[in-house]
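Enquirer: Below is the structure I would like to discuss, written out as C-alpha cells.
There are 2 protein chains.
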Amino acid sequence: MFKPTTIKDIAKALNLSTSTVSRALRGGYEISEETKKIVLEYAEKVNFKRNPIALSLKERRSYSIGVIVCEVANQFFSQAIDGIESVAYSKGYHVIISQTHDSYEREVINVEHLANRSVDGLLVSLSAETKDYSHLEKLHDQGLPIVFFDRILNSMNTHKVSSNNFKGAFEATEFLISKGCKRIAHLANASQLSITAERQKGYEEALRQHHIPIDKELIKYCKHGGRDQIEVEIAVREFLSHDNPPDAIFVASDRLSTGCLSTMKKYATHHHDILVAGFSNSELVELLNPSLSYIRQPAFEMGEKAAEMLISIIESKYPIEEFESIMLDTTLHPNGV
Amino acid sequence: MFKPTTIKDIAKALNLSTSTVSRALRGGYEISEETKKIVLEYAEKVNFKRNPIALSLKERRSYSIGVIVCEVANQFFSQAIDGIESVAYSKGYHVIISQTHDSYEREVINVEHLANRSVDGLLVSLSAETKDYSHLEKLHDQGLPIVFFDRILNSMNTHKVSSNNFKGAFEATEFLISKGCKRIAHLANASQLSITAERQKGYEEALRQHHIPIDKELIKYCKHGGRDQIEVEIAVREFLSHDNPPDAIFVASDRLSTGCLSTMKKYATHHHDILVAGFSNSELVELLNPSLSYIRQPAFEMGEKAAEMLISIIESKYPIEEFESIMLDTTLHPNGV
DNA sequence: CTGAAAGCGCTAACAT
DNA sequence: ATGTTAGCGCTTTCAG
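Pasting the structure below:
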C-alpha cells in the first residue's frame, strides 16, 4: 500500500516537532541553518512530498482549475487547453480536464465533482445537449468563479471568451458566394449553443446581402454536436439527395466539418462539385481531400485569455462586479478550386 | 468568495451534531427516519456537496487516477483516454489527465504533482524525451500503483499494456515491399522509447526476410517525438534529398505520420512516387492526400485494459507479486496506389 | 437514536 | 530557534 512519508514521520525520525519540520521545509527564516539542512536532507532522502490534499483542506483552495469541454480529441479544444495550461502553470495552477462528450448528464456529473473544492474555479464550454443550466448557476451563486469560452452561457453574469462567430461565418459564406455558389447549405451544431446562433446569423446575413434566399430546408442541426457520426451522415445525405441539391455547404464546427467530408467522400458521386467551408482547427486540414476551406479560431489564445480571466477572479480580494466579454477574430483559409 | 456549505453549517442550522448529520447524509441505518428526512431536505436546499478533499484526507485515497500522456491532441491518446474513462467511471473513479508535451521536465513535474495522494494510481505513457526514470521508480518503490501503456518502461516490474508493435511494423513494411518498393526509409520516434525499438525491429525483420539490405541512412529518429514540426521536416527532407532517395517511408507514430505527409506535400515535387505507411489513429486518415496506409492500434481497448489493471492493483488487499504484460494486435489499412 | 472527541497531514498563531 | 495547539471538513469509534 502507498504510504507516503509525512511531516510527522520526519519529525519523529529527527526528534523535532512537526511545526519545526514544516517551517524548515518551506524555508522559514526562523529556523537555524543547521536544522534546516538536516531536515531538507532527510526529506530528500525519503522522497518526501507535502500532501496537496491536506494543504488544500487547510488553505481552502487547491491551486487547480477545472476545464469542462466536450472532448479533447477535438483540436479546437486541445489547442485551447494548451493555452489554458500555459497560463495556469505559469501562475502556479494545475489543470484538471473533464470531458462531457456533449452529454448533459456527463456535464452535470463532471461539474459537480470538480466544483466542490477540488478546483478553485471552472472554465467551461457547454455541451451540445445542455439546455438546463442550474448546475452551473447554483455554483456560481455560491461564489464559484466560472469563465465561459467558446460555447457560452449568455445569461450568466461572468467573464466570457469567444471568437467572432458571426464574422467568421459571414466571411466563409461570402467566400462560397464569391466562388459562384448559389445554393449554400448550412450544417449546424445543436441549436441551443451560443455558437450555433451566432454562426447561423453570419451565414444568413451573407446570403441576404447577396440577395440569395434563405431556404430553411438547407439548414440542418446536429443536436448532439455530431457525437455520433451517423447524425452527421443523415444530415449531409439529406442535403445530397435534395431535389434541388446545394452547390456548397457551410459547416459550423470542427467535428461536423470532417464528418461532412467523410460522408461526401462516401456517398456523393461527384462531390467535387460541392464546395465545403467550415470551422476547423485541425492541423490536417491542408491535407484533406475533398478539400476544405476553413475558418480557424485562435484557440490557444482563447484558452490563455479565459485562464487569465478565471485566475484573476480567483485571486481577486473583492467580489467582481464588472464582467468582460472578449471576442477574438477568426481567420479564413480558402482551399481547393 | 466560494464558501460551500459544510456539515457543520447544517448541524448548526438544524441543531444537531455533525456526526448525526454525517450519518444521515450517508443514510446510516441508526438514524431516525425523521431526522434523516430533515437533514436530507435541508442539504438539498442549500446545495450541499460533501467536500472530496476532506474525504480524501480522511480515507487516504481520492478515488481518482492520474493519466500521463504526451498530448491529448494525438488521437491515439484521446481514444485511449476514452477507454480509460469508461472503465474508471464505471468503477467510481475520476480521471485526471496530464500532458507532458514529450518534455522530460514536464513529465517529472506532473508525475510528482499527481502522485502524492491526489491520485490513487498512475497510468503512464512515457514522454519521448524521458531517459531517467527515477521519478517513477521512487514512487513505485513507495507503493504507488503504476501501470504503463503504449510507451512502456520495461525495467519496471508492474502491469503493462501495449500493442504488438513488432508485428504491426512488420506487416506495414511487408505491405510496402509487396507494392514493389525497394528502398524503404524509416522515420522513427525517440530512440529510447519502447515502441521505437519494437517497431524498428519489425521493420528490419521484414526487410531481412525479403533480402533488402538495411541502410542506416534511411533510418531517422525524432528525439522529441515530433514535438516541433521542424524536427520532422528536417528528417523527411533529408530522405527526399538523398542521392539515392527512398521509394517508400514507414513512419513509426501518429504525429510523425501526419508531419511526414505535410512535408512531402510541401517539398516533394512528385510525392506520389513515394508510398507512405505509418502508425496512425487519426479519424481523418481516409481523407488524406497524399494518402497514408496506416497501422491502427486498438487505443480504446488499450485504455480500458490499462485502467482495469490499475484499479485492480489499487483495490487489491495484498501486494501484487505477479505482473502481467498484455499485448493487443494492430490492424493494417492499405490505402492509395 | 444522538453526541463528543479523535484523527487524516499540514500550517500558523501562540507560547517558551 | 523550537514546541504546543487548534483547526481545515469529514468519518468513526466510543459513550451515553
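From first to last, the protein sequence lines are chains Z and Y. According to the numbering used here, the first sequence holds residues 40 to 376 in order. According to the numbering used here, the second sequence holds residues 40 to 376 in order. Beta carbons: idealized from backbone N, C-alpha and C, even for Gly.
#1: Would you kindly work out how many angstroms separate the C-alpha atoms of Gln9(Y) and His311(Y), rounded to a whole number?
#2: For Thr139(Z), count neighbouring C-beta atoms within 10 Å of its own C-beta (all shown protein chains included) and say buried if the count is 16 or more, exposed if not.
#3: Rounded to a whole number of angstroms, what is the C-alpha to C-alpha distance between Gln336(Z) and Ser137(Z)?
#4: Can at least three beta-carbon pairs, one atom from the stretch 235-243 of chain Y and one from the stretch 191-207 of chain Y, be found at a separation below 8 Å?
#5: Quick one, which of Gly342(Z), His198(Z), Ser173(Z) and Phe187(Z) has its alpha-carbon nearest Leu165(Z)'s?
#6: Would you kindly report the start and end of the unbroken beta strand (DSSP E) that includes Val200(Y)?
#7: Start and end of the alpha helix (DSSP H) containing Gln268(Y)?
#8: Of all the CB atoms in chain Y, is at least one closer than 9 Å to the CB of Glu213(Z)?
#9: Are the beta-carbon atoms belonging to Ala224(Z) and Ile269(Z) less than 9 Å from one another?
#10: Name, going along the chain, the residues of the stretch 70-98 of chain Z whose beta-carbon falls closer than 8 Å to a beta-carbon of chain Y.
#11: How big is the Cα-Cα spacing for His152(Z) and Glu343(Y)?
#12: Compute the Euclidean distance between the alpha carbons of Arg62(Z) and Ile77(Z), then round it to the nearest angstrom.
#13: With a threshold of 16 other CB atoms inside 10 Å of the CB of Asn283(Y), please say whether the residue is buried or exposed.
#14: Are the C-beta atoms of Met341(Y) and some chain Z residue less than 9 Å apart?
#15: Check this for me: beta carbons of Leu96(Z) and Ile92(Y), under 9 Å apart or not?
#16: Does any C-beta atom of chain Y lie closer than 9 Å to the C-beta of Phe289(Z)?
#17: Using 9 Å as the threshold, is the C-beta distance between Glu340(Y) and Lys199(Y) below it?
#18: Checking the sheet assignment: what are the DSSP bridge partners for Arg335(Z)?
#19: Tell me, please, whether the CB atom of Asp312(Z) is closer than 9 Å to any CB atom in chain Y?
#20: List, in order along the chain, the chain Z residues whose C-beta lies closer than 7 Å to that of His263(Y)?
#21: Determine whether the beta carbon atoms of Ile46(Z) and Arg89(Z) lie at a separation below 9 Å.
#22: Using 8 Å as the threshold, is the stretch 67-75 of chain Y in touch with the stretch 99-106 of chain Y, meaning 3 or more CB pairs across them?
#23: Could you check the C-alpha separation between Arg145(Z) and Gln114(Z) for me, to the nearest Å?
#24: Pick from Val60(Y), Phe41(Y) and Gly375(Y): whose alpha carbon is nearest that of Asp48(Y)?
#25: Given Ala345(Z), which residues of its chain have a CB within under 7 Å of its CB, disregarding the five upstream and five downstream residues?
#26: Quick one: using the 10 Å Cβ neighbour count with 16 as the cut-off for buried, is His133(Z) buried or exposed?
#27: In chain order, what residues of the same chain have a beta carbon less than 6 Å from the beta carbon of Met348(Y), not counting five sequence neighbours either side?
#28: Can you check whether the CB of Glu272(Z) is closer than 9 Å to the CB of Lys305(Z)?
#29: What does a CB cutoff of less than 6 Å around Asp108(Y) pick up in its chain, not counting 5 residues either side in sequence?
#30: Note down, in chain order, each residue of its chain lying with its Cβ closer than 6 Å to the Cβ of Gly265(Z), except the 5 sequence neighbours on either side.
#31: Which class does Phe116(Z) belong to by DSSP, given the choice of helix, strand or coil?
Expert: So, from the listed chains and residues:
#1: Chain Y is shown from 40 up to 376; residue 9(Y) falls before or after that span and cannot be answered.
#2: buried
#3: 21 Å
#4: yes
#5: Phe187(Z)
#6: Lys199 to Ser202
#7: Gln268 to Leu279
#8: no
#9: no
#10: Asn86, Lys88, Arg89, Asn90, Pro91, Ile92, Ala93, Ser95 and Leu96
#11: 22 Å
#12: 13 Å
#13: exposed
#14: no
#15: yes
#16: no
#17: no
#18: Thr370(Z)
#19: no
#20: Those within 7 Å of His263(Y) in chain Z number zero; the least Cβ separation is about 16 Å.
#21: yes
#22: no
#23: 20 Å
#24: Val60(Y)
#25: Ile123, Leu162, Val186, Phe188 and Val200
#26: buried
#27: Val186 and His198
#28: yes
#29: The sequence as given places Val at residue 108(Y); Asp does not occur at that position. So the list reads Phe116 and Ser164, once near-sequence residues are dropped.
#30: Val271, Arg294, Leu295 and Gly298
#31: helix
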